Amino acid sequence: MVDLFCGVGGFSEGARRAGCRIVLAVDSDATFLETHRRNHPRCTHLLRTLPADVPLPNGGEWHVHASPPCQPVSQANRGACPVERAGAVELAEWYFDLVEATRPTSWSFEQVVTIEIVVALEARRARRPDLFAFAVINFGDHGVPQDRRRLVAGSPGVIARLLRRRGPELCIFDVFPRPPTRHVMNHSTNTPDRVNGGFRPLLAHEHMRHASRRAYTVMASAAMRWVRPSGEVLRSLTPREAARLQTFPPRYHLGEVARRGGVGNAVPVEVARRWMAPEEDAE
38 MVDLFCGVGG FSEGARRAGC RIVLAVDSDA TFLETHRRNH PRCTHLLRTL
88 PADVPLPNGG EWHVHASPPC QPVSQANRGA CPVERAGAVE LAEWYFDLVE
138 ATRPTSWSFE QVVTIEIVVA LEARRARRPD LFAFAVINFG DHGVPQDRRR
188 LVAGSPGVIA RLLRRRGPEL CIFDVFPRPP TRHVMNHSTN TPDRVNGGFR
238 PLLAHEHMRH ASRRAYTVMA SAAMRWVRPS GEVLRSLTPR EAARLQTFPP
288 RYHLGEVARR GGVGNAVPVE VARRWMAPEE DAE
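Listed below in structure tokens is the structure:
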């Protein structure tokens with residue numbers, strides 16, 4: 038398995054747990070790459086800004102995965118400029134071209150839901166239905182204790198396999214049986230004002246969830262907070278707590294600098310495991 042834009046290794050760890058051998062990991066962030074190295078020491082690591090030439094396998098059975106940076110195309114990033122969005126879409130197109138040119142045994146891709154990338158995938162699927170498939174799913178439906186809506190693409194068989202592997206639906210209590218308090222709050226500050234137009238401030242209860250529900254999306258830019266029922270903030274979730282919501286194993290090494298951004302940007306380990314596991318090992 039080759040992991041492009043590997044980050045701290047969420048997809049790699051899930052693939053390893055599914056029985057894959059990780060042979061190459063590429064990222065432009067030296068700290069993230071060092072974290073990946075600490076957890077996958079037998080893999081070749083390249084500090085490289087993609088798009089660039091990378092030494093892909095030449096023969097045999099191999100899988101390639103890519104999770105390009107999502108902030109420029111995320112709907113949560115209202116400050117992203119058109120140039121940044123165009124660059125992110127071009128990066129996805131580069132990867133799709135790479136898949137067509139190198140023809141791995143199988144491939145996968147994960148990104149926030151972006152209309153420009155959906156349009157690009159629709160065109161490729163119409164031209165090459167044997168090579169391109171995609172879907173929009175909530176990782177919370179696939180064994181992850183948070184709402185995390187994402188665009189996934191890949192070989193038709195790989196996407197079909199993931200879509201079959203739904204459940205169980207987990208909540209915050211499943212990860213933290215004795216949480217410091219029973220509610221979490223995200224960092225949203227306003228919402229569209231459907232009466233007067235524009236935006237209005239959110240009330241505390243409008244961006245707060247009980248621990249009997251899924252968590253909000255774990256983000257790279259802002260940590261969720263443990264709050265009291267009144268909305269009083271107790272504290273932010275620690276990086277290790279965020280990693281548990283991302284289904285990283287408890288002993289996965291997280292670097293001091295890589296923790297928040299790396300954890301929030303990662304593919305949840307359990308989703309990657311289900312994505313890559315053989316049929317008999319899916320559960």
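In our numbering, the protein residues as written are 38 to 320. Every residue gets a Cβ at the ideal spot worked out from N, C-alpha and C, and that includes glycine. These numbers come from a predicted model, not from an experiment.
query: Contact under 8 Å by Cβ, G51 with V300; result: no
query: Touch test, the stretch 249 to 263 against the stretch 222 to 238, Cβ-Cβ under 8 Å, three pairs minimum; result: yes
query: Residue ranges of each alpha helix (DSSP H) within the stretch 198 to 252, 4 or longer; result: 209 to 212
query: Pick from R251, I209 and I154 that is closest to N175, judged by C-alpha positions; result: R251
query: R54 - containing beta strand (DSSP E), residue span; result: It is not in any beta strand (DSSP E) - R54 instead sits in the alpha helix (DSSP H) that spans G47 to R54.
query: Cutoff 6 Å; reference Q283; Cβ partners in own chain excluding five residues on either side; result: V255, V300, A303 and P305
query: For G44, three-class secondary structure by DSSP; result: coil
query: R198 to G96 span [Cα, whole Å]; result: 24 Å
query: Distance between beta carbons of V136 and I154, contact taken as under 8 Å; result: Actually they are not in contact, since the Cβ atoms of I154 and V136 sit about 14 Å apart, beyond 8 Å.
query: Whether V189 touches A163 by CB criterion (8 Å); result: no
query: Identity of the residue in H100, Y132 and V156 nearest T142 by Cα; result: H100
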